[in-house]
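For reference, the structure discussed in these notes is given below.
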Amino acid sequence: MIRAYALNGICEESLKLYIQMQYQGLQPDNFTYPFLLKACTDLNQGKVVHSLILKNPSLGSDIYSQTSLVGFYSSCGDIEYARSVFDKMPDRNVVSWTAMITGYVKQRRYNEGLALFHKMQIEGIEINEFTLVNVLSACAHLGAFEMGKWVHGYINRNRVFLNPTLATALIDMYFKCGYVDKASQVFDKLTERSVCTWNSTIGGLAMHGYGEEALERFKQMRMSGTKPDHITFIGVLSACTHSGMVEKGRECFYSMTRDYGIEPNIKHYGCFVDLLGRAGHLEEAYEIMKNMPIKPNGVLWGTLLNACSTHGNVELAEIAMEQLIELEPFNDGNYVIMSNIYAAKGQWENVVRMRRFMNDRGILKTPGCSSIEVNNVIHEFVVGDSRHPHSKEIYTMLNDVAVRLKAVGYVPKTSQVLLDANEEEKRQSLCHHSEKLAIAFGLVSTGPKTSIRVVKNLRACSDCHLATKLISKIYDREIIVRDRNLFHHFKDGDCSCKDYW
DNA sequence: GTAGGGTTAG
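Per the UniProt record's numbering, the first sequence starts with residue 1, numbered consecutively.
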């Protein structure tokens, strides 16, 4: 009975029965614990159960109870404790290893998850589709394409059935590593699709700026009889945003409730405000925010602030900033955007004020960091980095880049630099931004015409965006940059985002 | 009879 309640998510009943059971003098056995812990994870009561296990060590001594404990502690965030339980287990099987890897992935500790997966393979533990889903998710987040591709190879070699869950993870990995064609190939070959496989495809196309294709998939989805859910509309709306399809997006937003009975949540409002704001309908975006049934959060005000930056609206930006100081006082990105808005208008005294405000409160700008994978090795760069073994070649290449850029009329956007520095120092700092270092390394370390793929932790900087467009033309290279939000495909001097990000 | 899973706005 306890098991039946737990499996059906009726956690409180499950726990009540457990208490009654104890009251009647019956001790649960090892078989009961995994289900109790499952119930407790939702109610955050697992520590109560665990303390009972600790008092009766024999109860928590088998592989099932211990694996549930690993799952419980990692899902409530105490990953270190989960690991200590895991490390102490006398026997571990594929489920125990997978529970630990899942824990790392859920806590966004992807590298540690992959490291544990390597250890698992060295120890010769069997791998199943649950393991693969989590490994793929880690690869997607890290942009670790070689590893992701290896997993796909493993699936093919071992004839692992691509169930919709595994397929979703695989498609998402290819999109997030920048391989739109490979993701679409996987999707087209599937024999079984779920709402999630459609969602990952629609969302993936949207993030690459393929708005029309995303809407085409949405149409196919409806024709196949799969009902869209709230996540589908996030993808559809962001597809409209990144392709500037304002009317189409507006129509989708209103059809959610009307045709599908899905009430927009804060994320949908976020997409809608972004859609309107980017297209320059700032007042309408602001009206939506004032009238929506949910209180706007920091992300929404941040979205509006960003739109104000694109369209140079200082007054509305200041209104948004006032809210952001309350909602996200330590989010450095907002101050950086506000400062850039002032800089673009030549309001230098306000730029200085922003910088002082940040300094006085100890708010530091998150350092930009870009990475590039060459021959299975991921190389990471920060601004002005000289730690790389091929640093000399990289800077020689950057000089070559600077000369050629100047020849085609490029002027560095020094107003975007937040440092207290003179013009020359600002120019130097821009030239040595992490994106440019990673691209320069790509140029020196890969053959002509090879695509260069860079992953960045922040949003693309507008100076690097302009420079990269020109580099793609001058050096005849396709350059694919994944920034914090979306992908930029640079080719022949243009970017897939249409300068819209 | 037992434990583990994917897609989500800027």
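We put the beta carbon where it would ideally sit given N, CA and C, even for glycine.
Remember, it's a predicted structure, so these values are computed and weren't measured experimentally.
When the Cα atoms are used, residue 265 and residue 294 turn out to be separated by approximately 8 Å. As summarised for the stretch 288–375, the continuous alpha helix (DSSP H) elements at least 4 residues long and confined to that stretch are 298–311, 314–327, 332–344 and 348–360, given in chain order. Taking each of 483, 287 and 260 in turn and checking the Cα distance to residue 269, the smallest one comes out for 287. In this structure, residue 115 lies away from residue 137, with their beta-carbon atoms at least 8 Å apart. Looking at the DSSP output, residue 378 sits in a beta bridge with 373. DSSP, read as helix, strand or coil, puts residue 127 in coil.
Residue 298 has its alpha-carbon roughly 29 Å from the corresponding atom of residue 489.
Residue 372 is positioned such that its CB atom lies closer than 8 Å to that of residue 438. Cβ-Cβ distances below 6 Å link residue 131 to 98 in the same chain, with the five nearest sequence neighbours on each side left out; the list follows chain order. One thing to note: residue 68 has its Cβ within 8 Å of the Cβ of residue 37. Cβ-Cβ separation between residue 285 and residue 304: approximately 6 Å, consistent with a contact (criterion under 8 Å). The Cβ atoms of residue 401 and residue 445 lie no closer than 8 Å to each other. By the Cβ-count criterion, residue 367 is exposed, with fewer than 16 other Cβ atoms from all chains shown falling within 10 Å of its own Cβ.
Out of 457, 471 and 243, the CA that lies nearest to the CA of residue 398 is found in 471. When secondary structure is reduced to three states using DSSP, residue 385 falls in the coil class, being assigned neither helix nor strand. Around the beta carbon of residue 205, 16 or more other beta carbons lie within 10 angstroms, which makes this residue buried. By the C-beta criterion, the stretch 220–239 is judged not to be in contact with the stretch 177–191, since fewer than 3 inter-stretch pairs fall below 8 Å. In the DSSP secondary-structure assignment, residue 455 is bridged to 371 and 482. Contact annotation: the stretch 444–460 touches the stretch 480–494, with at least three C-beta pairs closer than 8 Å. Residue state for residue 62 is assigned as coil, using DSSP reduced to three classes. With respect to residue 307, residue 341 sits apart: the two C-beta atoms are not nearer than 8 Å. The Cβ-Cβ distance between residue 100 and residue 66 does not fall below 8 Å. Straight across, the Cα-Cα distance linking residue 26 with residue 32 is about 12 Å. In this structure, residue 465 keeps its C-beta atom at 8 Å or more from the C-beta atom of residue 431. Here residue 473 has 492 and 493 as same chain residues with Cβ atoms under 7 Å from its own Cβ, once five neighbours each way along the sequence are excluded.
For residue 491, the enclosing beta strand (DSSP E) stretches over residues 487–491. Ranked by Cα distance from residue 385, the first of 393, 407, 433 and 347 is 433.
Within the DSSP bridge table, the entry for residue 461 names no partner.
According to the DSSP assignment, residue 252 belongs to the alpha helix (DSSP H) that extends over 246–260. A residue is called buried when at least 16 other Cβ atoms come within 10 angstroms of its Cβ; residue 389 does not meet this threshold and is exposed. For residue 120, the enclosing alpha helix (DSSP H) stretches over residues 110–122. Where residue 274 is concerned, the enclosing alpha helix (DSSP H) starts and stops at 266–278. The continuous alpha helix (DSSP H) containing residue 166 extends over residues 164–176.
Counting only the Cα atoms, residue 428 lies some 13 Å from residue 411. Beta-carbon to beta-carbon, residue 212 and residue 243 are separated by about 7 Å, close enough to satisfy the 8 Å threshold. Judged by DSSP secondary structure, residue 220 falls within the alpha helix (DSSP H) whose first and last residues are 211–223.
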